[in-house]
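There are 2 protein chains.
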Amino acid sequence: MSNTPIVANPLLQLDNQLCFPLYALSRMVTKAYQPLLQELDLTYPQYLVFLLLWEHRELSVKELGDKLLLDSGTLTPLLKRLEQKQLISRRRDPRDERSVIIGLLPAGQELQVRACQVPEAVFARLNMTRAEAEALRNQLNTLLKQLA
Amino acid sequence: MSNTPIVANPLLQLDNQLCFPLYALSRMVTKAYQPLLQELDLTYPQYLVFLLLWEHRELSVKELGDKLLLDSGTLTPLLKRLEQKQLISRRRDPRDERSVIIGLLPAGQELQVRACQVPEAVFARLNMTRAEAEALRNQLNTLLKQLA
DNA sequence: TAATGTTTAATTGTGCGCAATTAAAAAGTC
DNA sequence: GACTTTTTAATTGCGCACAATTAAACATTA
């Protein structure tokens, strides 16, 4: 009875899944950022929010969610923590009181200078050429657009 | 003062990061599994545990962690939930009392039959050929081995 | 064998991620 | 203009992920 043969279904083997390396690599890359972001006192998703704010200065929660593919259940508490650290501001859009507009405070703006070295430092840890990285990024982005 | 020019640093733009499509695509793929796994009453990481158990029947928490790149802080509560649902068993290894051995219970074994259709169903949602999927998987696995 | 070091899980605490619900504002429709 | 529908955030609850700590079992070495 404890000898029931195990059906070796290749479709159900971890090594044959596309999902697993995607899942695992994503976490490993996040971990590669961690020590660098710790110096900025930011988590990885918080860092992504700042990438957008440094580029656009102001964005609504909705716009952040559209760009990061995250909903308000994730963003609202994250943004409140950044507000509490005086890095960003949160205010209702007077023209549409449903929207909450996120803006950079001086301390949040100043983080950009210290963040400049992060991409290079992380890149150095992944042993791949620029061309390889860009090719993979385009590949992943293509898939992403098909799904989102 | 609110006119401080924003330095457009391409290295700090979300669209130029490799990390973001990896992070976002991983979550999207997990979401693609969700409705299928819901019928098995499993979460995505729980499903990964079962892929390994269906293949190996018994594995220690350590072995599961090595294969999934997860630590006991993640696995212990997850496994306790599966134990509570009578899907798996947890017992100390009599030969090394530090190890906890995870085994399949009948209900957990029977889940395999219902799971057989999951990989095909998920694959259908990603508009890519087998060859493309395999190429990408190998690429991601190579990167993963470099990091782990 | 006694002391030291290593391995393995468990625990604790924090921060996502997301489904589901609620509530308010805005837009569309009759 | 009242009614309905849609949009937008916030809230609640649950399950990961993971860093840091603890404790027990095992291994190594003096």
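Keeping their order, the protein sequence lines are chains A and B.
Under the working numbering, think of the first position of the first sequence as 32, with each following residue one higher.
Under the working numbering, think of the first position of the second sequence as 32, with each following residue one higher.
Don't be surprised by glycine CBs; every beta carbon is placed ideally from N, CA and C.
The structure displayed is predicted, hence computed values, not measured ones.
If you drop the 5 nearest sequence neighbours on each side, which residues of the same chain put their C-beta closer than 7 Å to that of residue i?
{"i": "B/Asp102", "result": "Gly96"}
{"i": "B/Phe77", "result": "Strictly speaking, residue 77 of chain B in this sequence is Gln, with Phe absent from that position. Leu109, Leu113, listed in sequence order."}
{"i": "B/Leu90", "result": "Leu83, Leu84, Ile133"}
{"i": "A/Leu67", "result": "Val149, Ala152, Val153"}
{"i": "B/Leu135", "result": "Leu84, Arg88, Ile119"}
{"i": "A/Ala63", "result": "Val153, Arg156"}
{"i": "A/Leu106", "result": "Val92, Leu95, Gly96"}
{"i": "B/Leu100", "result": "Ala179"}
{"i": "A/Arg121", "result": "Leu110, Glu114, Val131, Ile133"}
Establish whether the CB of residue i and some CB of chain B are separated by less than 8 Å.
{"i": "A/Gln177", "result": "yes"}
{"i": "A/Pro108", "result": "no"}
{"i": "A/Ala164", "result": "yes"}
{"i": "A/Gln77", "result": "no"}
{"i": "A/Leu90", "result": "no"}
Return the first residue and the last residue of the beta strand (DSSP E) that residue i is part of.
{"i": "B/Asp124", "result": "119-124"}
How about residue i: is its C-beta nearer than 8 Å to some C-beta of chain A?
{"i": "B/Lys116", "result": "no"}
{"i": "B/Gly96", "result": "no"}
{"i": "B/Pro150", "result": "yes"}
{"i": "B/Arg168", "result": "yes"}
{"i": "B/Glu86", "result": "yes"}
{"i": "B/Leu113", "result": "no"}
For residue i, which residues of its own chain have a beta-carbon under 8 Å away from its beta-carbon, when the five flanking residues on both sides are left out?
{"i": "A/Phe51", "result": "Leu45"}
{"i": "B/Leu79", "result": "Leu99"}
{"i": "A/Asp124", "result": "Ser91, Ser130, Val131, Ile132"}
Excluding sequence positions up to five away, which residues of its chain have a Cβ less than 6 Å from the Cβ of residue i?
{"i": "A/Pro36", "result": "Confidence at A/Pro36 is low in this model, with a pLDDT of 44, below 50, so the placement of that residue should be treated as unreliable; the coordinate-derived value is given next. The answer is none, since no qualifying residue turns up."}
{"i": "A/Gly139", "result": "Leu118, Ile119"}
* Asked: Between the segment 53-72 of chain B and chain A, which residues of the former have a C-beta closer than 8 Å to a C-beta of the latter?
  -> Leu53, Tyr54, Ala55, Leu56, Ser57, Arg58, Met59, Val60, Thr61, Ala63, Tyr64
* Contiguous alpha helix (DSSP H) assignments of at least 4 residues, all confined to the segment 64-136 of chain A -> 75-87, 92-99, 103-115
* **alpha helix (DSSP H) runs wholly inside the segment 146-176 of chain A, at least 4 long, in chain order** => 149-156
* Interface positions of the segment 135-146 of chain B facing chain A (Cβ-Cβ less than 8 Å), listed along the chain -> Gln140, Gln143, Ala146
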